[in-house]
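Student:
There are 2 protein chains.
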Amino acid sequence: MSVGPREDASAAEERAQEEVYMRAALKQARAAAEEGEVPVGAVIVAGGRIIARAYNQRERLKDPTAHAEMIALTQASAALESWRLDGATLYVTLEPCLMCAGALVQARVERVVFGAPDPKAGACGSLYQVGLDTRLNHTFELQGGLLEAECAELLHDFFRDRRD
Amino acid sequence: MSVGPREDASAAEERAQEEVYMRAALKQARAAAEEGEVPVGAVIVAGGRIIARAYNQRERLKDPTAHAEMIALTQASAALESWRLDGATLYVTLEPCLMCAGALVQARVERVVFGAPDPKAGACGSLYQVGLDTRLNHTFELQGGLLEAECAELLHDFFRDRRD
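Structure follows, in structure tokens:
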């Protein structure tokens, strides 16, 4: 199939828009790093606008469930006044863990876009493929590697500084 | 190996104590049913006392993350002022889903005891065996079937009433 110039332009625009959302998630991740938290950030988009922005707050809140994705899901549900987030997309700088991937199924999120893979704990391609498990009552679309280098660098820098 | 009367008595005492904790979780589950929520309840025990009691509040809070186990984990972390719940045991009336099982790994819970299995979404024996996955940075002991009939009946009654 040949792709004409119009389709090319449209795909480029879509890609640019995706990057805008991931940069918003990266901004959240940097805020986490400034507070000494593992730098992971997330935003949720519905109806063409960002309805939730959050970063990892496990240490500050002393709460094992306070990952960026979980806080963003709670915010988005409050914004939409519903636990169902049909049609929503989550952008997150790091591949979601089992807890967060399971929560994305619970929330009926339509699509998940992540930056850096997490070979040790990732549940969206690395250790598990949660969003693609058709035995569950919901599946979601999955895309990894958007702005991967920037997302990974933030984590590498954080752990390097902590070791020093 | 033969088991003497002393061991028998000790095992019976332990079983009785386990049932006390699961009955506390069942009480939480009944509170959920009274509010029109899917009746699942959980308690967390540490140092020989209950430090968290919670029930499913997904509808009331309009929050997909508001399962009984998640709320109990947040409560327990607040009680211990730490996201690490080393040595803690969670008692829950229904087999945990992926989100909750992943959260139990995040919280470093030592042991999980559940009542009824969940063949459609359970991640502690039914669809997944999350607590036994040695690739993750924590595993937990797992026991299913404690007061299973009572835990399952509560759910059956709830869904039967809702269909009528």
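If you read the protein sequences in the order shown, they are chains A and B.
Taking our numbering, the leading residue of the first sequence gets 1, the next gets one more, and so forth.
Taking our numbering, the leading residue of the second sequence gets 1001, the next gets one more, and so forth.
Using N, Cα and C, we set each Cβ at its ideal position, and we do this for glycine too.
As the structure is a prediction and not an experimental result, all values here were calculated from the model.
1) With a 10 Å radius around its C-beta and 16 neighbouring C-beta atoms as the bar for buried, classify A:Asn56 as buried or exposed.
2) List the residues of chain A that B:Arg1135 touches, going by C-beta distances under 7 Å, in chain order.
3) For the structure I just gave you, are there three or more beta carbon pairs, one from the segment 1040 to 1047 of chain B and one from the segment 79 to 86 of chain A, closer than 8 Å?
4) Is it the case that the Cβ atoms of A:Leu16 and A:Val92 are separated by a distance below 7 Å?
5) Less than 7 Å between the beta carbons of A:Met99 and B:Gln1106, yes or no?
6) Please report the straight-line C-alpha distance between A:Arg30 and B:Ala1009, rounded to a whole angstrom.
7) Let me know the secondary structure DSSP gives B:Ala1016 once reduced to three states.
8) Do we get a CB-CB distance below 7 Å when we pair A:Arg53 with the residues of chain B?
9) Of all Cβ atoms in chain D, is any one closer than 7 Å to the Cβ of B:Cys1124?
10) Applying the 10 Å Cβ sphere with the 16-neighbour rule, what's the burial state of B:Thr1134?
11) Determine whether the beta carbon atoms of A:Cys124 and A:Ala88 lie at a separation below 7 Å.
12) Hey, how far is the Cα of B:Gly1036 from the Cα of A:Glu13?
13) Classify B:Glu1069 as buried or exposed, calling it buried when 16 or more other Cβ atoms lie within 10 Å of its own Cβ.
14) I need the straight-line Cα distance from A:Val112 to A:Ala79, nearest angstrom please.
15) So within the segment 44 to 84 of chain A, which uninterrupted beta strand (DSSP E) runs reach at least 3 residues, ignoring any that extend past its ends?
16) With 16 as the cutoff for other CB atoms within 10 Å, does B:Leu1109 come out buried or exposed?
17) Which residues of chain B have a Cβ atom closer than 9 Å to the Cβ of A:Leu98, listed in chain order?
18) Determine whether the beta carbon atoms of A:Asp118 and A:Leu155 lie at a separation below 7 Å.
19) Identify the residues that DSSP records as bridge partners of A:Cys124: which are they?
20) Would you say B:Thr1065 and A:Leu73 are within 7 Å of each other, going by their C-beta atoms?
21) Tell whether a beta-carbon distance below 7 Å holds between B:Gly1122 and B:Glu1148.
22) State yes or no: is the beta carbon of B:Asp1063 nearer than 7 Å to at least one beta carbon in chain A?
Tutor: Result, derived from the coordinates:
1) buried
2) Leu127
3) no
4) One point to set straight first is that residue 16 of chain A is Ala, not Leu, in the sequence displayed. In this structure, A:Val92 does not lie closer than 7 Å to A:Ala16 by Cβ.
5) yes
6) 57 Å
7) helix
8) no
9) Judged by its chain identifiers, the structure shown contains no chain D, and its protein chains are A and B.
10) exposed
11) no
12) 46 Å
13) buried
14) 19 Å
15) 49 to 55
16) Correcting the residue identity first, residue 1109 of chain B is Val in this sequence and not Leu. When all chains shown are included, B:Val1109 counts as buried.
17) Leu1098, Met1099, Ala1101, Gly1102, Ala1103, Val1105, Gln1106, Ala1123, Tyr1128, Val1130, Asp1133, Leu1136
18) no
19) A:Gln129
20) yes
21) no
22) yes
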